[in-house]
Amino acid sequence: MRNTINILLALPLGLALLACKPTPEPVDPEPPVAPTSKELVEKIDDTTITLPIAEDPSITYAAWFRVGSANDPEGKEGLAYLTAQMLAEGGTQAHTWPEIVELLYPMAAGWSVSVDREMTVFSGRAHVDTAADFQKLLIAQWTTPAFDAKDFERLRSETLEYLKTTLRYASDEDLGKAGLEWFVFEGSNYAHPVVGTVAGLEAITLADVEEFYRTQYTANNVVFAIGGDFEAKDQAVLEATRGMLPEGAPAKPLVREPEPITGKQVLLIHKPGATRRSRSATRCRSAGGEKDFYALWLANSWLGEHAIRRATCFR
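Shown next as structure tokens:
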């Protein structure tokens, strides 16, 4: 009987102890392993990415060339960017750039180019009713460029103006980012801005642009994409332009490794006459249950309430 009573008394006590067991600290889930750029390239190499949408009244085109500012020769930083601009906003063997602008106007269509350190993407969009004529103009930009001297001087002048005026004096946040990237990648192919440097752009010639096009914009260095309400013939015409590009393997850049960063580093960019402050920092991760969370939250508020919606210090 006594044993039975002891067991009955111990049972609630044991349940209470189990209830008081400390809750384990939350553990962040392991992020998914992203495929490497090499794996992505091997997966889509020599293919056309398609996204058919029957109810879309337009057709979107894209051409991704695996070349970027990391391919800039030393001393001619900006060559990749300037070449891409010549292909996007320069004339072709059939039309001058002003003529192309006039042809695009009634179509209410257009294209653009995006240059990064390892890739350059041309993209354009047009209504299905004018897509055939638009596609001819777009394809000619990267298959039969004219490399006109007037286009070259115009586009180089615009790029130099951006570096000398906009980046230096009118865009503090972009200047801070450019400085931070230079600091992190100093000594490597990735240190200079994608648009290049003033000295590099001034050293580039039209012959340099033509040679860069012949060696980098090759048939085996491009991936096409098409989406919207397109037909099989539209895709076939786009894919056929591969045979119109220069042949040969693209020249690989001579990779220069950046200097290692040790300890805590701070970069200060002093700009005389600046009317505002700009800050850039690496992201920090802190959950609500951690002791640093509220201090970081207050720091966010001090840095500026307008930036809180972009902060990653809390979730």
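In our numbering, the protein residues as written are -16 to 298.
The beta-carbon is built from N, C-alpha and C at its ideal position, and this holds for glycine as well.
Here the structure is a predicted model, which is why all the values come from computation and not from measurement.
- With distances taken between CA atoms, F105 lies nearest to A123 out of V111, A115 and A123.
- For A46, the enclosing beta strand (DSSP E) has its first and last residue at S41 to F48.
- Residue range T31 to P35 is occupied by the beta strand (DSSP E) that includes P35.
- Only residues of its own chain outside the window of five on either side were considered, and among them D157, L158 and A161 have a CB closer than 7 angstroms to the CB of L150, listed in chain order.
- The stretch 101 to 134 is shown to contain whole alpha helix (DSSP H) runs of 4 or more residues at 114 to 126, in chain order.
- For L121, same chain residues with a beta-carbon under 7 angstroms away, outside a window of 5 residues either side, are Y44, W94 and G107 in chain order.
- Rounded to the nearest angstrom, the gap between the Cα atoms of R139 and L184 is 7 angstroms.
- Considering only G179, V192 and L86, the residue with the shortest C-alpha distance to K147 is G179.
- Residue environment: Y196 is assigned as buried (16 or more neighbouring CB atoms within 10 Å of its CB, all protein chains considered).
- Counting only the Cα atoms, V205 lies some 11 angstroms from A232.
- Looking from the CA of I187, the closest CA among L143, S171, V220 and K247 belongs to L143.
- Here V98 is buried, its C-beta having at least 16 other C-beta atoms within 10 Å.
- For G93, the pairing in a beta bridge is given by DSSP as R108.
- According to DSSP, I209 shares a beta bridge with T33 and Y44.
- Collapsing the DSSP output to three states places V220 in a helix.
- When the beta-carbon positions are compared, M69 and F130 come within less than 8 angstroms of each other.
- D155 and Y200 have their C-alpha atoms roughly 34 angstroms apart.
- Minimum Cα-Cα distance from L228 among the listed residues V181, A282, K119 and N203 corresponds to N203.
- Contact between D212 and I36 holds, since their C-beta atoms are separated by about 6 angstroms, short of 8 angstroms.
- The alpha carbon of V249 has as its nearest neighbour, out of F276, P241, E164 and E240, the alpha carbon of E164.
- Cα atoms of H175 and D112: separation of roughly 43 angstroms, rounded to the nearest angstrom.
- For G162, the enclosing alpha helix (DSSP H) stretches over residues D155 to V167.
- Under the 10 Å beta carbon count, I244 is surrounded by fewer than 16 other beta carbons and is classified as exposed.
- Assignment of T79 by DSSP, reduced to helix, strand and coil, places it in the coil class.
- Contact check for T103 against F48 passes: the beta carbons are separated by less than 8 angstroms.
- If you draw a straight line from the Cα of D39 to the Cα of V96, it comes to about 23 angstroms.
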